[in-house]
Amino acid sequence: DQQVKQNSPSLSVQEGRISILNCDYTNSMFDYFLWYKKYPAEGPTFLISISSIKDKNEDGRFTVFLNKSAKHLSLHIVPSQPGDSAVYFCAASAIDYGGATNKLIFGTGTLLAVQP
Amino acid sequence: ETGVTQSPTHLIKTRGQQVTLRCSSQSGHNTVSWYQQALGQGPQFIFQYYREEENGRGNFPPRFSGLQFPNYSSELNVNALELDDSALYLCASSFKGAINYGYTFGSGTRLTVV
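Just so you know, the sequences run in chain order X and B. Going by the numbering used here, the residue at position 37 of the first sequence is 37; the numbering climbs one at a time, nothing skipped. Going by the numbering used here, the residue at position 47 of the second sequence is 1047; the numbering climbs one at a time, nothing skipped.
This is the structure in structure tokens:
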């Protein structure tokens, strides 16, 4: 089953405007949420994270919002720049108490295109 | 500070063969995780190694195995390759417990099974 879902395969935004990428999850036991950016032929690059005890975390142009009651998080990029064009993955961390592992469960990604 | 390096970058194997992928973790990291990313999908957790032992495993069969070495580098071995094993294999290193800083991923090994 898909525990982390990104329902928008792609998003196109004008340079300077806000980009909003969305993510839904089903497992209420997730304790950390992360966003990664991926360019072609490169590995995912960590952007920002948020603990399940918070509802907002900000780092420069990037802000992540968490709505636990709705099991929904979003990444806001303001202002968007052409260099932000990439695939964005939402990921959730689940501690497997059997193995004490902070494994990451990823969504399928959203391709963001920022038009100049 | 060096990042995560993976080798080889590309590989073509025949069904039924065995393959070994390698990963050098980022300096200061003690945990290595392996992920499989099929086309159009997000990365899927294969397993994680900490202190040279497997420390958690995803839904992958036993023909997927690994090793971690004292210098924290790691190998992923896949036996009896199947066509569906064709994917991008990503290695990620981290410091155990520091999930809020994310994992550092390598650029991956693109495996094609024919």
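The C-beta atom is built at its ideal place from N, Cα and C for all residues, glycine as well.
Interface residues of chain X facing residue i [CB-CB closer than 9 Å]
i         : result
Ser1033/B : Thr101, Asn102, Lys103 and Leu104
Phe1105/B : Tyr36, Lys38, Glu42, Gly43, Pro44, Thr45 and Phe46
Those residues which DSSP pairs with residue i across a bridge
i         : result
His72/X   : Asp24/X and Asn67/X
Lys37/X   : Thr45/X and Tyr88/X
Glu1082/B : Paired residue(s): none; Glu1082/B is not in a bridge.
Asn1055/B : Note: Asn1055/B sits in no beta bridge, so no partner.
Thr1109/B : Tyr1089/B
Best match in the options for proximity to residue i [C-alpha to C-alpha]
i         : options                                       : result
Asn1055/B : Ala91/X, Lys103/X and Phe62/X                 : Lys103/X
Ser51/X   : Tyr32/X, Ser80/X, Phe62/X and Arg17/X         : Tyr32/X
Phe62/X   : Ala94/X, Pro79/X, Gly109/X and Gly43/X        : Pro79/X
Ser1033/B : Arg1063/B, Leu1083/B, Ser1073/B and Val1114/B : Ser1073/B
Tyr1049/B : Ala1092/B, Pro1008/B and Gly1106/B            : Ala1092/B
Pro82/X   : Gln14/X, Lys71/X, Lys56/X and Lys5/X          : Gln14/X
Pro9/X    : Val114/X, Tyr88/X and Pro116/X                : Tyr88/X
Leu1081/B : Gly1108/B, Thr1009/B, Gln1018/B and Ser1025/B : Gln1018/B
Lys1096/B : Gly1028/B, Phe1060/B and Pro1008/B            : Gly1028/B
Gln1041/B : Val1004/B, Val1113/B and Leu1088/B            : Leu1088/B
Thr108/X  : Ile18/X, Trp35/X, Ser69/X and Lys71/X         : Trp35/X
Pro1061/B : Thr1009/B, Arg1051/B and Asn1077/B            : Asn1077/B
Residue i: contacting residues in chain B (beta-carbon distance under 8 Å)
i       : result
Pro79/X : Within 8 Å Cβ-Cβ: nothing; Pro79/X doesn't reach chain B, min ~24 Å.
Leu11/X : By Cβ distance, chain B contributes nothing, its closest Cβ being about 16 Å from Leu11/X, past 8 Å.
Phe89/X : Gly1042 and Pro1043
Status (buried if at least 16 other CB within 10 Å, exposed otherwise) for residue i
i         : result
Ile1012/B : exposed
Asp1085/B : buried
Ile141/X  : Absent from the structure is residue 141/X, since the part of chain X shown begins at 1 and ends at 116.
Thr26/X   : exposed
Ala91/X   : buried
Phe30/X   : buried
Arg959/B  : Outside the modelled stretch of chain B, which goes from 1001 to 1114, sits residue 959/B, for which no answer is possible.
Within chain X, the residues that residue i reaches when beta carbons sit closer than 8 Å
i         : result
Leu1090/B : Gly43 and Pro44
Gly1066/B : Correct list: empty, because the minimum Cβ distance to chain X is about 13 Å.
Cβ separation of residue i and residue j, assumed to be a contact under 8 Å, to the nearest whole Å
i         : j         : result
Ser49/X   : Gly1102/B : 6 Å
Leu1090/B : Gly1066/B : In fact, because the Cβ distance is near 13 Å, the residues do not count as touching under 8 Å.
Thr110/X  : Gln2/X    : With 8 Å as the limit, Thr110/X and Gln2/X do not qualify as a contact, their Cβ atoms being about 14 Å apart.
Ser74/X   : Leu21/X   : 6 Å
Chain B residues whose Cβ lies nearer than 7 Å to that of residue i
i        : result
Gly109/X : Gly1042
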